[in-house]
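Number of protein chains: 2
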Amino acid sequence: MRPAEELRAAVEAYLRSLTLASELGQLEEALRYSFESKGKRVRPVLCLAVVEAAGGDMEQALPAAAALELVHTFSLVHDDLPAMDDDPERRGRPSSHVEFGDGVALLAGDALLVEALRLALSYEDPGIARELVEATLGMIGGQYRDITGDDDDLAELHRLKTGKLFAASVGLGLRVAGVSERNRAHWRGFGAEIGLLFQVVDDILDEDGLASRLPAAEVRRLADDAANRARAELDAIPGDMSVLRELVDGIAFRTA
Amino acid sequence: MRPAEELRAAVEAYLRSLTLASELGQLEEALRYSFESKGKRVRPVLCLAVVEAAGGDMEQALPAAAALELVHTFSLVHDDLPAMDDDPERRGRPSSHVEFGDGVALLAGDALLVEALRLALSYEDPGIARELVEATLGMIGGQYRDITGDDDDLAELHRLKTGKLFAASVGLGLRVAGVSERNRAHWRGFGAEIGLLFQVVDDILDEDGLASRLPAAEVRRLADDAANRARAELDAIPGDMSVLRELVDGIAFRTA
């Protein structure tokens, strides 16, 4: 089992080596500015770790892992636009629209999304692209609820906005590793719990969402419960789950 | 051969009957507002007419035809945003961002693009989604050249911004109809010429692009030449090309 750091390095190297569509011309610079910037790479690393734990070939999963990161990056670039959160900074640097202007950032986001689909479609199995498309539609639905203040059902908003792409990070890994449908139940449970965990910790760090509605100790308990359920799902899967356990710990105790 | 009007009616009915991802929630209203509004449906009708002329089953091509229209609609919704052309009207109604706000229009455009890919991925053959993805990347590259004023090579800008999706309208039709690769050469030529024709006539009607650089008679001649070359390509393909000929005439002599 490769440690998480090695998987992260593989993701970084693969992203840097990506060949984008030549028709994008100079727009490529804006795409690279966003997806080559320092990110945690949580989703692609999760995908690669699932492939390894499930006995698959990590190298084969790199296009799927990169596709997940590009979908995530597309959502950040569009989220940061003045039409949405109007956020001038991202990952410690000026946001795409501050660096390149609103119009170019809008098109860069669009192109990141389509490049993600192109990577997902590089597999013979169209199920990989289909699962990524379903997850992306859920994510957009979550963002819509978020910007329109439709957050009475915060759990549903989280499940869509964050959970869908985490679930797909596991799901795409299972497909690449060739895990059969009847062996996926605990994996799916794990994907749901780690996505929830990520979002609850996000709320704690950002002091919003759940953290603005519940006492701090209660939100922390929700995070710990999700982490424990994620670990329990891993316990039920045969094989070496050590790297995935580390990822759960890393997300549960992250500080940024 | 069904006349073009019948194909257009089939597209309209199919678009109205589309089931969108339930996770989009109320955002669906913004998507429908844009794709159910009165449009010429040039690209999907072209796709269906190619399928019929090539001996395929038009019904089978409806998802691909709708996907082409959704990609086109996505590009209009994002083009109209203040970050791009800041256009308050589209098809005789308020633009999406005027009706729903910038943030919702941005997300609606994103969702239209992903729904288009979902339709393209409803086929067993992943080649259909792959061709749509390539065309969309080219279109975005063309839009980028357009908004950054990189229009010295106007022919290349047109080939990307308009031509790519026209070529894909023919290409997706050929795939659905099962036309073999070795029989596609004249079809591809036809696709390139009808896309060029559409854009030149667009420039004449909008009094920009080529029409702002060349004498009116010369631009008209470019349109007529493209129409003649499109007809010549059809002459070289066995089968009943009558509806496609009508489409060429309709585009060559359109007034809106």
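In order, the protein sequence lines correspond to chains A and B.
Residue numbers for the first sequence, in the numbering used here: 55 to 310.
Residue numbers for the second sequence, in the numbering used here: 55 to 310.
Ideal Cβ placement from N, Cα and C applies to all residues, glycine included.
Extent of the continuous alpha helix (DSSP H) run through glycine 181(B): As a first step, residue 181(B) is located in the second sequence; it is residue number 127 there, counting from the start. Looking at the DSSP string, the run of the alpha helix (DSSP H) that includes glycine 181(B) is 180-201.
For phenylalanine 307(B), which residues of its own chain have a beta-carbon under 6 Å away from its beta-carbon, when the five flanking residues on both sides are left out? Counting from 1 along the second sequence, the entry for residue 307(B) is found at position 253. Excluding sequence neighbours, phenylalanine 307(B) sits near nothing in its chain.
Step through the CB atoms of chain A and report whether any lies within less than 8 Å of the CB of arginine 97(B). Position 43 of the second sequence, counted from the first residue, corresponds to residue 97(B). No, arginine 97(B) does not count as interfacial toward chain A.
Report back the beta-carbon spacing between alanine 121(A) and leucine 173(A) to the nearest angstrom; my notes put them in contact at under 8 Å. For the purposes of this step, residue 121(A) is taken as residue 67 along the first sequence, with counting starting at 1. For the purposes of this step, residue 173(A) is taken as residue 119 along the first sequence, with counting starting at 1. Indeed, because the Cβ distance is near 4 Å, the residues count as touching under 8 Å.
So, using beta-carbon positions, are valine 187(A) and valine 230(B) closer together than 8 Å? Taking the first residue of the first sequence as 1, we reach residue 187(A) at position 133. Taking the first residue of the second sequence as 1, we reach residue 230(B) at position 176. In this structure, valine 230(B) does not lie closer than 8 Å to valine 187(A) by Cβ.
Which of the three DSSP states is assigned to proline 98(A) in this structure? In the first sequence, counting from the first residue as 1, residue 98(A) sits at position 44. Helix at proline 98(A).
In this structure, does DSSP put arginine 144(B) in helix, strand or coil? In the second sequence, counting from the first residue as 1, residue 144(B) sits at position 90. Here arginine 144(B) sits in strand by DSSP.
Along the alpha helix (DSSP H) that carries tyrosine 68(B), what are the first and last residues, could you check? Within the second sequence, the letter at position 14 stands for residue 68(B). Segment 58-71, the alpha helix (DSSP H) holding tyrosine 68(B).
Alpha carbon to alpha carbon, what distance is there between phenylalanine 252(A) and alanine 310(A)? Your numbering for residue 310(A) matches position 256 in the first sequence. Your numbering for residue 252(A) matches position 198 in the first sequence. Taking the straight line joining both Cα atoms gives about 11 Å.
Threonine 190(A) to valine 125(A), Cα distance in whole Å? The residue labelled residue 190(A) in the question sits at position 136 within the first sequence. The residue labelled residue 125(A) in the question sits at position 71 within the first sequence. Going by the C-alpha atoms only, they are around 7 Å apart.
DSSP three-state call for glycine 227(B): helix, strand or coil? Position 173 of the second sequence, counting from 1, holds the residue named residue 227(B). Glycine 227(B): helix per DSSP, three-state reduction.
Rounded C-alpha distance that separates arginine 267(B) from aspartate 257(B): Walking along the second sequence from the start, residue 267(B) turns up at place 213. Walking along the second sequence from the start, residue 257(B) turns up at place 203. So the two alpha carbons sit approximately 10 Å from each other.
Rounded separation between glutamate 66(A) and serine 91(A) - CA only: In the first sequence, residue 66(A) corresponds to position 12, counting from 1. In the first sequence, residue 91(A) corresponds to position 37, counting from 1. Going by the C-alpha atoms only, they are around 10 Å apart.
Pair within 8 Å by beta-carbon distance, glycine 155(A) and valine 131(A): Position 101 of the first sequence holds residue 155(A). Position 77 of the first sequence holds residue 131(A). Cβ distance not < 8 Å, so glycine 155(A) and valine 131(A) don't count as in contact.
Can the beta-carbon of arginine 97(A) be found less than 8 Å from the beta-carbon of leucine 219(A)? Sequence index remark: in the first sequence, residue 97(A) carries index 43 (1-based). Sequence index remark: in the first sequence, residue 219(A) carries index 165 (1-based). Closer than 8 Å, so yes.
Between Glu82(A), Leu81(A), Val99(A), which has its C-alpha nearest arginine 62(A)'s C-alpha? Counted from its first residue, the first sequence places residue 62(A) at position 8. Cα-wise, what sits closest to arginine 62(A) is Val99(A).
I'd like to know whether the C-beta atoms of glycine 217(A) and leucine 250(A) end up nearer to each other than 8 Å. Numbered from 1 along the first sequence, position 163 holds the residue referred to as residue 217(A). Numbered from 1 along the first sequence, position 196 holds the residue referred to as residue 250(A). Yes, Cβ-Cβ distance for glycine 217(A) and leucine 250(A) is below 8 Å.
Please list the terminal residues of the continuous alpha helix (DSSP H) segment that includes phenylalanine 244(A). Your numbering for residue 244(A) matches position 190 in the first sequence. 239-260 is the span of the alpha helix (DSSP H), which, as asked, contains phenylalanine 244(A).
Any chain A beta carbon closer than 8 Å to glycine 192(B): The residue you call residue 192(B) lines up with position 138 of the second sequence. So, interface residue.
If you check the beta carbons only, do valine 302(B) and alanine 281(B) fall under 8 Å apart? For the purposes of this step, residue 302(B) is taken as the residue at position 248 of the second sequence. For the purposes of this step, residue 281(B) is taken as the residue at position 227 of the second sequence. Taking 8 Å as the Cβ cut-off, valine 302(B) and alanine 281(B) qualify as a contacting pair.
Whole angstroms are fine: how far does the CA of glycine 109(A) sit from the CA of serine 149(B)? Stepping through the second sequence from its first residue, residue 149(B) is reached at position 95. Stepping through the first sequence from its first residue, residue 109(A) is reached at position 55. The straight-line gap from Cα to Cα measures roughly 51 Å.
So aspartate 206(A) contacts chain B; which residues on that side make the cut at Cβ distance below 7 Å? To locate residue 206(A), count along the first sequence from 1; it is residue 152. Those within 7 Å of aspartate 206(A) in chain B number zero; the least Cβ separation is about 12 Å.
Rounded to a whole number of angstroms, what is the C-alpha to C-alpha distance between leucine 135(B) and serine 129(B)? Numbered from 1 along the second sequence, position 81 holds the residue referred to as residue 135(B). Numbered from 1 along the second sequence, position 75 holds the residue referred to as residue 129(B). Approximately 10 Å between the Cα atoms of the pair.
Measuring straight from C-alpha to C-alpha, what distance separates aspartate 139(B) and glutamate 247(B)? For the purposes of this step, residue 139(B) is identified with residue 85 of the second sequence, where counting begins at 1. For the purposes of this step, residue 247(B) is identified with residue 193 of the second sequence, where counting begins at 1. Those two C-alpha atoms are separated by around 27 Å.
Determine whether the beta carbon atoms of glutamate 77(B) and leucine 214(A) lie at a separation below 8 Å. Within the second sequence, the letter at position 23 stands for residue 77(B). Within the first sequence, the letter at position 160 stands for residue 214(A). A contact, by the Cβ cut-off of 8 Å.
Which word fits arginine 275(A), buried or exposed, when buried means at least 16 other C-beta atoms lie within 10 angstroms of its C-beta? Start at 1 with the first residue of the first sequence, and residue 275(A) comes out as number 221. Per the 10 Å Cβ criterion, exposed.
What residue range does the alpha helix (DSSP H) around threonine 309(A) cover? As a first step, residue 309(A) is located in the first sequence; it is residue number 255 there, counting from the start. No alpha helix (DSSP H) holds threonine 309(A); DSSP gives it neither H nor E.
With a cut-off of 8 Å on the beta carbons, I'd call tyrosine 198(B) and leucine 161(A) a contact; round off their distance for me. The sequence position of residue 198(B) within the second sequence is 144, counting from 1. The sequence position of residue 161(A) within the first sequence is 107, counting from 1. That pair is a contact at about 5 Å.
Quick check: leucine 171(A) and leucine 81(B), are their CB atoms within less than 8 Å of each other? On the first sequence, residue 171(A) is found 117 positions in, with the first residue counted as 1. On the second sequence, residue 81(B) is found 27 positions in, with the first residue counted as 1. The answer is no: Cβ separation not under 8 Å.
For chain A, check one thing: does any of its Cβ atoms lie closer than 8 Å to the Cβ of arginine 242(B)? The count along the second sequence starts at 1 and reaches residue 242(B) at position 188. No, because no Cβ of chain A sits closer than 8 Å to the Cβ of arginine 242(B).
Should aspartate 200(A) be labelled buried (16 or more other beta-carbon atoms within 10 Å of its own) or exposed? For the purposes of this step, residue 200(A) is taken as the residue at position 146 of the first sequence. Aspartate 200(A) comes out buried.
Check for me: the alpha helix (DSSP H) holding proline 117(A) runs from which residue to which? Looking up residue 117(A) in the first sequence gives position 63. Counting along the chain, the alpha helix (DSSP H) containing proline 117(A) begins and ends at 116-134.
Using a C-beta cutoff of 8 Å, does tyrosine 198(B) count as contacting chain A? Looking up residue 198(B) in the second sequence gives position 144. Chain A, which has a Cβ nearer than 8 Å to the Cβ of tyrosine 198(B), makes this yes.
In chain B, which residues lie with their C-beta within 8 Å of the C-beta of isoleucine 201(A)? Here residue 201(A) corresponds to residue number 147 of the first sequence, with the count starting at 1. The answer, in chain order, is Gly157, Val158, Leu161.
Would you verify that the beta carbon of leucine 214(B) is, or is not, closer than 8 Å to some beta carbon of chain A? Sequence index remark: in the second sequence, residue 214(B) carries index 160 (1-based). With 8 Å as the cut-off, leucine 214(B) counts as an interface residue toward chain A.
Taking the C-alpha atoms as reference points, what is the distance between histidine 114(A) and glutamate 59(A)? Position 60 of the first sequence, counted from the first residue, corresponds to residue 114(A). Position 5 of the first sequence, counted from the first residue, corresponds to residue 59(A). The sequence given here has glutamine at residue 114(A), not histidine. Answer to the nearest angstrom: the Cα atoms are 18 Å apart.
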